[in-house]
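In this note's numbering, the protein residues as written are 11 to 267. Glycine included, C-beta positions come from ideal geometry on N, C-alpha and C. Below you'll find the structure, written out as structure tokens, and then a few comments.
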């Protein structure tokens with residue numbers, strides 16, 4: 011009897027069900043809600059009404075370029091590692107779906123989950139901006155929400171690859187961030203195109219207040235968008251190939267890091 015291979019939609023639906031059931035346990039509901047509300051509430055507590063620079067510093071410097079990448083690193087870096095350490099990887103790789111597709115579907119479903127969480131953050135900042143009487147919030151908040159969606163896609167793909175390469179993916183991600191995103195990304199030469207953050211800044215510069223405050227280039231948006239998409243495809247391809255061909259061992263990969 012031949013085994014019927016599930017459709018892409020059916021496989022995605024199955025992995026999505028596994029994802030949200032694992033994320034929405036009673037133990038995790040409060041941290042999820044806290045992650046949506048903590049920084050917007052912090053912003054309301056420390057920023058005075060109309061203090062535009064302070065508001066922008068929290069939203070851009072703290073949230074967008076620190077919290078969002080770290081959230082991606084924590085969530086996506088453990089995408090396959092959690093399955094290995096919980097010894098449930100066999101269930102996934104023995105399904106009638108090839109490994110590369112399983113990897114990509116895990117990425118898609120986890121991306122949906124993280125997007126939901128960060129969308130809640132974006133709405134929280136929108137509400138905080140209205141409460142604090144920020145005159146530019148009506149244009150800033152939608153731009154943040156859209157651009158952070160691209161950031162999740164790119165940083166998520168990178169983080170999932172780092173999780174495939176090493177158990178110490180958090181350390182590897184921090185080192186990568188300091189060298190490439192905060193180092194190379196600040197160099198005023200063409201080499202800074204290697205930095206995802208550099209391209210996200212170009213996209214954020216569509217907001218005139220951010221462009222003038224940070225002195226970001228307002229041109230090259232199409233190029234930056236293409237680079238973010240291209241980097242995502244590159245990271246996903248590398249991660250899927252690693253997952254497809256690599257063998258896993260209990261004594262090494264399945265132990266807690």
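- Here residue 89 carries a coil assignment [DSSP, helix/strand/coil].
- Short of 7 Å from the beta carbon of residue 136, and not among the five residues preceding or following it, lie these beta carbons of its own chain, in chain order: 147, 151.
- Two segments are said to touch when three or more pairs of C-beta atoms, one from each, lie closer than 8 Å; by this definition the region 225-233 touches the region 197-216.
- If you draw a 10 Å sphere on the C-beta of residue 59, you find fewer than 16 other C-beta atoms in it, and that means exposed.
- Taking the Cα of residue 129 as reference, the smallest distance to any Cα among 154, 232, 62, 202 is reached at 154.
- Residue burial is scored here from C-beta neighbours: residue 82 has at least 16 other C-beta atoms within 10 angstroms and is therefore classed as buried.
- Taking each of 40, 69, 42 in turn and checking the Cα distance to residue 220, the smallest one comes out for 69.
- Rounded to whole angstroms, the Cβ separation of residue 120 and residue 86 is 6 Å, and the two are in contact under 8 Å.
- Here the alpha carbons of residue 56 and residue 255 stand approximately 50 Å from one another.
- Positions of the alpha helix (DSSP H) runs, each at least 4 residues long and wholly inside the region 41-87, are given as 62-66, 78-87 in order along the chain.
- Going by DSSP, residue 255 is part of the alpha helix (DSSP H) stretching over 231-255.
- Annotation for residue 149: 217 place their beta carbon closer than 7 Å to its own, counting only its chain and skipping 5 residues before and after.
- For residue 201, same chain residues with a beta-carbon under 7 Å away, outside a window of 5 residues either side, are 194 in chain order.
- If the five residues before and after residue 54 are omitted, its C-beta is found closer than 8 Å to the C-beta atoms of 138, 141, 142, all from its own chain and listed in chain order.
- Per DSSP, the continuous alpha helix (DSSP H) segment holding residue 209 begins and ends at 206-214.
- Residue 51 is not a Cβ neighbour of residue 73, given a cutoff of 8 Å.
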